[in-house]
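Read the structure below first, then the notes.
Numbering (this note's numbering), first residue to last: 210 to 446.
Shown next as structure tokens:
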């Protein structure tokens, strides 16, 4: 039993190291730098030994995506839970801060799930991280749902219909937020566009020469976002 536990622990440690090296290679050489042979070389292992942990490069990439996406889902879900009982503005701003904080702490992970595709990678049927993707999607819909009582009037003339959205998206959103209309789903996508756009610019270094204080810029963006939804920003009480 002791020997078995030790083997399992060593296997888990080596698996974690393989994933860490893969992300480091991506950071230095881009997504096409993720190869099992390159990882083996960095770790001082033979290529055959690496295949004992991951049979294919795509299997490794799928595992990486699932890990980082789940980490993101845990982070934003945690911010939502921590603001339970607060108003919509607080919850939206907290979710936004959590998303940005995770992305800046895990830039390679952000690029892996939202940015640079790994050349030739084929995701399994249903996606690499379907449960984590569902959780993040539901989280964004939750932001729109929280804002909807105040934002609804802004969409009085909305022409959005259910047919305007992907069926897979609606399968994630409608069971959880049955009262949210098509315009509310559009609002969730608009919120996502604001947050993802700003964070992408920062992760990819496009703000480094233009903005001295990206943190201030992001906070003002989220403040203006909640104001545009008819909410009172958290800083204003």
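Just so you know, even glycine gets a beta-carbon here, dropped at the ideal spot from N, CA and C.
Quick one: grab the DSSP three-state call for residue 375.
Within the chain shown, residue 375 is the residue found at index 166, counting from 1. Coil at residue 375, not helix or strand.
Using a Cβ-Cβ cut-off of 7 Å (strictly less than) and excluding sequence neighbours within five positions of residue 278, which residues of its own chain qualify?
Within the chain shown, residue 278 is the residue found at index 69, counting from 1. Hits under 7 Å: 322, 338, 341, 342.
Quick one: which unbroken alpha helix (DSSP H) runs of 4-plus residues sit fully inside the region 313 to 354? Chain order, please.
Entirely contained in the region 313 to 354, the alpha helix (DSSP H) runs reaching 4 residues are, in chain order, 316 to 323.
Can you tell me where the alpha helix (DSSP H) holding residue 368 begins and where it ends?
Locating residue 368 in the chain shown gives position 159, where the first residue counts as 1. Segment: none, residue 368 is in no alpha helix (DSSP H) and carries neither H nor E.
Starting from residue 247, follow the alpha helix (DSSP H) in both directions and report where the run begins and ends.
Translated into positions along the chain shown, residue 247 becomes position 38. Unbroken alpha helix (DSSP H) run through residue 247: 245 to 252.
Could you tell me whether any Cβ in chain B is nearer than 8 Å to the Cβ of residue 305?
Here there is only one protein chain, and chain B is not present.
Measure the C-alpha to C-alpha separation of residue 283 and residue 435 and round it to an integer number of angstroms.
Taking the first residue of the chain shown as 1, we reach residue 283 at position 74. Taking the first residue of the chain shown as 1, we reach residue 435 at position 226. Answer to the nearest angstrom: the Cα atoms are 23 Å apart.
Can you tell me whether residue 288 is buried or exposed, with buried defined as 16 or more other CB within 10 angstroms of its CB?
Taking the chain shown and counting its residues from 1, the one referred to as residue 288 is at position 79. Looking at its Cβ environment, which holds 16 or more other Cβ atoms inside 10 Å, residue 288 is buried.
Among the residues of its own chain, which have a CB less than 8 Å from the CB of residue 275, if the five just before and after it don't count?
Along the chain shown, read from residue 1 onward, the residue named residue 275 stands at position 66. Within the same chain, residue 275 has close Cβ partners 337, 338, 341.
Can we say the region 255 to 263 touches the region 314 to 334, given the rule of at least three CB pairs closer than 8 Å?
The answer is no - the region 314 to 334 does not touch the region 255 to 263, with fewer than three Cβ pairs under 8 Å.
Let me know the secondary structure DSSP gives residue 446 once reduced to three states.
The residue labelled residue 446 in the question sits at position 237 within the chain shown. Its pLDDT being 42, under 50, residue 446 is placed unreliably by the model, and nothing is read from it.
Look up residue 224 in the DSSP assignment and say whether it is helix, strand or coil.
Taking the chain shown and counting its residues from 1, one reaches residue 224 at position 15. Residue 224 falls in the helix class under three-state DSSP.
Straight-line CA distance for residue 440 to residue 381?
What you label residue 440 is simply residue 231 of the chain shown in a count that begins at 1. What you label residue 381 is simply residue 172 of the chain shown in a count that begins at 1. Between residue 440 and residue 381, the C-alpha separation is close to 26 Å.
By the three-class DSSP mapping on this structure, what secondary structure does residue 399 have?
Looking up residue 399 in the chain shown gives position 190. Three-state DSSP puts residue 399 in a helix.
Nearest to residue 226 by alpha carbon, out of 249, 214, 240, 407?
Against the chain shown, residue 226 aligns to sequence position 17. Checking every option, the nearest Cα to that of residue 226 belongs to 249.
Please classify residue 358: does DSSP put it in a helix, a strand, or coil?
By one-based count along the chain shown, residue 358 stands at place 149. Helix, per DSSP.
Across the region 401 to 408 and the region 364 to 382, are there enough close Cβ pairs to call them in contact, namely three or more that are closer than 8 Å?
Cβ pair count under 8 Å is below three, so no.
What residues in its chain sit with their C-beta under 6 Å from that of residue 300, if we drop five residues either side in the sequence?
On the chain shown, position 91 is the one that residue 300 refers to. Correct list, in chain order: 292, 355.
For a test of the three-state rule: what should DSSP assign to residue 257, helix, strand or coil?
Residue numbering aside, residue 257 sits at position 48 when the chain shown is read from its first letter. Residue state, collapsed to three classes: helix.
Excluding the five sequence neighbours on either side, which residues of its own chain have a C-beta within less than 7 Å of the C-beta of residue 304, listed in chain order?
Translated into positions along the chain shown, residue 304 becomes position 95. Contacts found: 285, 288, 289, 348, 352.
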